[in-house]
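Beneath this line is the structure, given in structure tokens, with notes to follow.
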Amino acid sequence: MLKQDKLSLGILLGLLTPAVAFFIYYLGVFLPKDLSLGDFFDLLKGNKQLIPKVISICLLANGIVFYLYTRVRRDLTARGIFLVTLLYAIVILLLKII
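In our numbering, the protein residues as written are 216 to 313.
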């Protein structure tokens with residue numbers, strides 16, 4: 216996968232990587248506390264201030280993937296990842312304002 220250099224691949228990776236990081240975060244932090252995934256979503260619904268923080272943590276994975284693609288000089292893919300990361304950042308700012 217590191218051999219392809221497409222903007223669409225970067226956008227796809229930028230969207231999927233935080234979702235995977237979200238479930239890894241859930242498995243590492245909340246599953247050991249015997250909190251089911253449904254209860255975790257209820258916790259997020261009930262505590263609106265927690266949502267931007269969880270999204271920010273999940274975006275760290277985008278930084279890692281972005282770093283990997285810039286190291287192997289796949290600039291179009293890295294540009295797509297960066298674009299989606301900026302869109303996530305705008306969403307985080309809007310959630311903090313609301």
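For each residue, glycine too, the CB sits at the ideal point set by N, CA and C.
Whether Arg286 touches Leu222 by CB criterion (8 angstroms): The residue you call residue 286 lines up with position 71 of the sequence shown. The residue you call residue 222 lines up with position 7 of the sequence shown. No. Outside cutoff.
Proximity of Leu259 and Leu265 at Cβ, strictly below 8 angstroms: Locating residue 259 in the sequence shown gives position 44, where the first residue counts as 1. Locating residue 265 in the sequence shown gives position 50, where the first residue counts as 1. A contact, by the Cβ cut-off of 8 angstroms.
Sub-8 angstroms separation of Gln219 and Thr300 beta-carbons: As a first step, residue 219 must be located in the sequence shown, where it is residue number 4. As a first step, residue 300 must be located in the sequence shown, where it is residue number 85. No; because the gap between Cβ atoms is not below 8 angstroms, this pair is not in contact.
Ranges of the alpha helix (DSSP H) found wholly within the stretch 220-301, counting only runs of at least 4: 222-240, 252-261 and 265-286
Separation of Asp257 from Lys263, as counted between CA atoms: By 1-based counting over the sequence shown, the position of residue 263 is 48. By 1-based counting over the sequence shown, the position of residue 257 is 42. In this structure, the straight-line span from the alpha carbon of Lys263 to that of Asp257 is close to 10 angstroms.
Nearest to Leu298 (by Cα), restricted to the options Leu310, Val280 and Phe237: Looking up residue 298 in the sequence shown gives position 83. Per the Cα distances, Val280.
With 16 other Cβ atoms within 10 Å as the buried cut-off, status of Tyr284: The residue given as residue 284 occupies position 69 in the sequence shown. It counts as buried.
Proximity to Ile226 [Cα-Cα], best of Tyr303, Lys311, Leu308 and Ile312: Looking up residue 226 in the sequence shown gives position 11. Nearest option by C-alpha distance: Tyr303.
Reduced DSSP secondary structure (H/G/I, E/B, other) of Ile305: Translated into positions along the sequence shown, residue 305 becomes position 90. Shown here, Ile305 sits in a helix according to DSSP, grouped into three states.
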